Ligand SMILES: Nc1ncnc2c1ncn2[C@@H]1O[C@H](COP(=O)(O)OP(=O)(O)OP(=O)(O)O)[C@@H](O)[C@H]1O
Ligand SMILES: Nc1ncnc2c1ncn2[C@@H]1O[C@H](COP(=O)(O)OP(=O)(O)OP(=O)(O)O)[C@@H](O)[C@H]1O
Ligand SMILES: [Mg+2]
Ligand SMILES: [Mg+2]
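Structure, rendered in structure tokens:
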């Protein structure tokens, strides 16, 4: 079994009226199967309201499945006594950083997680410095997190989870508020954790470019996994993705448009380097 | 109509431990009917800047003129200014608080002093313009999807019939389709009503595709100001301040280096496509 395994996972939000009778049921996650191997870099895509965050919150036992089973490192998240272990294994960066800032000084905020885990003080400071450096926020270590800009807060939140060094990190749209450089820094920091420390990454994003280096992609629509596969497989289905309110990276879109206009380009181009090479090949053949 | 900023500076928490100069001698002129994008690294002062444009924040030094009048003057009507220069905040979901979507959108016009009828009419028109489905009008605003909340927040500002519409990262967190819908909505209002639009964004691709003029902020200062093609020529300098050019611009440079005579200042997929296809004609 992989580090995360879900079998026919269902989550329902139940709304009740004043008398406590069920008013409406929203099935946010609808019979989802997942199998994530330790060390994998997984990306989850899906339209607004497709159930990504609801799925993510179950990985960290913040929500307990309504039906089906979810195992984190073999531990069933439904069992109360497993919750502590599950949270230690799977660290979570939320969509909105305001909800996860605890301390009144940045470095204390980042140190809070490892301290809670009983990490020795010296090691805590080392981790705080490392993780703040890798998100480019070291110079703000003595600032108040509440006085930071949106993007700066998000970086602090990411540093906080990185400092706990969990086996698996779940990031729910961590770069939604970052500038291009911040996006690149955060992503390369997460990739480095994945590569060097073998930390499993589950990244939820609306930026298609962030998915091109994934080991595997899941696409959700209305609570269901509707597509899954390698980046090349997923992004060569431009029309299908558009039907699910998604998109492809800009290089892929341009390749797709050029192909439609008659250029002999292959499917599955993901990066501008690939596109440039293929176009050069076309051009050499054409001018021969 | 124009907005002029002359040497505007702003400092948060002056004299405290977290003192931060967020704007440093910013000088700008914004004309009637422009479609402007503001880009800049996180913390560069974008949100601070736009809150000066509608008088929500008060410059520590420097002057701001709206239609030739200094907005800091005693008898200047700053409340009216906030209705003429409408601002959709960075997290508009925080601004939704009424019991129904319709009431939420009525809030602005009622606050402006319009009676219930006129406020209602304006709310209807604004909700329609913003593309909010009619069946949602009397629902509570809290249960909406991210994209729908964004539309309601935009409607709330449109109901005040502003001449200038400022949007602070209106597409952050939206799915790609939702992002395109909101940007097309904004572009449509610019085209049809000649409304002045100021769009703060972290997406170089979106800015390149939609706006006519880009203002680049760096560390509280205006770093560059010009048309997208001109601004993105400086991609190396932009990278040094946390930004970049759109992906296609890099591709075009790469193609040029491989000996293909393409338009290497192209900033959108459409421009790039046309230029590349020309090579094969
Ligand atoms: N606390 C809640 N109570 C009731 N329904 C909810 C709640 N949270 C989410 N939902 C509903 O569950 C569905 C899935 O929501 P979820 O937040 O998981 O989507 P998402 O894919 O993360 O969307 P986004 O991209 O906008 O973040 C949506 O229809 C949403 O309205
Ligand atoms: N309420 C506040 N108190 C103190 N400092 C603040 C406050 N709000 C913002 N700042 C600081 O002022 C600077 C400019 O912040 P601003 O919010 O204008 O940036 P921004 O360009 O909008 O960033 P982002 O892209 O992250 O939204 C930042 O360094 C920020 O930390
Ligand atoms: Mg979500
Ligand atoms: Mg901002």
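Residue numbers (the numbering used here), protein chains in the order written: chain E, 1 to 288; chain A, 1 to 281.
The C-beta atom is built at its ideal place from N, Cα and C for all residues, glycine as well.
Keep in mind the model is a prediction, meaning the values are calculated, not measured.
Would you list the residues sitting across from residue i in a DSSP beta bridge?
i                      : result
residue 69 of chain E  : E/7
residue 90 of chain E  : E/168
residue 66 of chain A  : A/3, A/69
residue 41 of chain E  : E/201
residue 229 of chain E : E/217
residue 207 of chain E : Looking at the DSSP assignment, residue 207 of chain E forms no beta bridge with any residue, so it has no partner.
residue 15 of chain E  : E/24
residue 265 of chain E : Beta-bridge pairing links residue 265 of chain E to no other residue.
residue 84 of chain A  : Partner(s): none; residue 84 of chain A has no beta bridge.
residue 75 of chain E  : E/72
residue 10 of chain A  : A/23
residue 35 of chain E  : E/5
residue 30 of chain E  : E/10
residue 29 of chain A  : A/4
residue 217 of chain A : A/40, A/222
residue 168 of chain A : A/200
Counting only C-beta atoms, is residue i closer than 8 Å to chain E at any point?
i                      : result
residue 273 of chain A : yes
residue 41 of chain A  : yes
residue 12 of chain A  : yes
residue 217 of chain A : no
residue 276 of chain A : yes
residue 280 of chain A : yes
residue 77 of chain A  : no
residue 18 of chain A  : yes
residue 251 of chain A : yes
Would you please verify whether the beta carbon of residue i is less than 8 Å from any beta carbon of chain A?
i                      : result
residue 171 of chain E : no
residue 28 of chain E  : no
residue 152 of chain E : yes
residue 306 of chain E : Any answer about residue 306 of chain E is impossible in this case: the structure gives chain E only from 1 up to 288.
residue 272 of chain E : yes
residue 48 of chain E  : yes
residue 149 of chain E : yes
residue 53 of chain E  : no
residue 177 of chain E : yes
residue 222 of chain E : no
residue 261 of chain E : yes
residue 267 of chain E : no
residue 100 of chain E : no
residue 218 of chain E : no
residue 245 of chain E : yes
residue 13 of chain E  : no
In whole angstroms, what is the alpha-carbon distance linking residue i and residue j?
i                      : j                      : result
residue 154 of chain E : residue 66 of chain E  : 30 Å
residue 274 of chain A : residue 42 of chain E  : 35 Å
residue 85 of chain E  : residue 112 of chain E : 18 Å
residue 145 of chain A : residue 91 of chain A  : 13 Å
residue 60 of chain A  : residue 64 of chain E  : 51 Å
residue 26 of chain E  : residue 157 of chain E : 30 Å
residue 253 of chain A : residue 74 of chain E  : 50 Å
residue 70 of chain E  : residue 167 of chain E : 17 Å
residue 14 of chain E  : residue 25 of chain A  : 53 Å
residue 231 of chain E : residue 32 of chain E  : 20 Å
residue 205 of chain A : residue 19 of chain A  : 34 Å
residue 152 of chain A : residue 58 of chain A  : 28 Å
residue 239 of chain E : residue 156 of chain A : 34 Å
residue 18 of chain E  : residue 138 of chain A : 19 Å
residue 108 of chain E : residue 147 of chain E : 15 Å
residue 270 of chain E : residue 212 of chain A : 29 Å
residue 45 of chain E  : residue 55 of chain E  : 12 Å
residue 150 of chain A : residue 86 of chain A  : 14 Å
Let me make sure I understand the geometry here. Which of the options has the alpha-carbon closest to that of residue i?
i                      : options                    : result
residue 84 of chain A  : A/238, A/67, A/74, A/72    : A/67
residue 91 of chain E  : E/202, E/170, E/34         : E/170
residue 219 of chain A : A/39, A/177, A/142         : A/39
residue 270 of chain A : A/8, A/208, A/140, A/231   : A/208
residue 176 of chain E : E/51, E/83, E/209, E/133   : E/209
residue 280 of chain A : A/265, A/266, A/260        : A/260
residue 165 of chain E : E/243, E/88, E/206         : E/88
residue 126 of chain A : A/278, A/104, A/2          : A/104
residue 210 of chain A : A/264, A/4, A/189          : A/189
residue 201 of chain E : E/174, E/286, E/179        : E/174
residue 261 of chain E : A/276, A/266, A/258, A/265 : A/276
residue 298 of chain E : E/195, E/267, E/115, E/206 : Absent from the model: residue 298 of chain E. The displayed extent of chain E is 1 to 288, so no value can be given.
residue 62 of chain E  : E/94, E/217, E/39, E/273   : E/94
Exercise. Taking Cβ-Cβ distances below 9 Å as the criterion, which residues of the region 172-187 of chain A are in contact with chain D?
Worked result: Absent from the structure is chain D; the protein chains it does hold are E and A.
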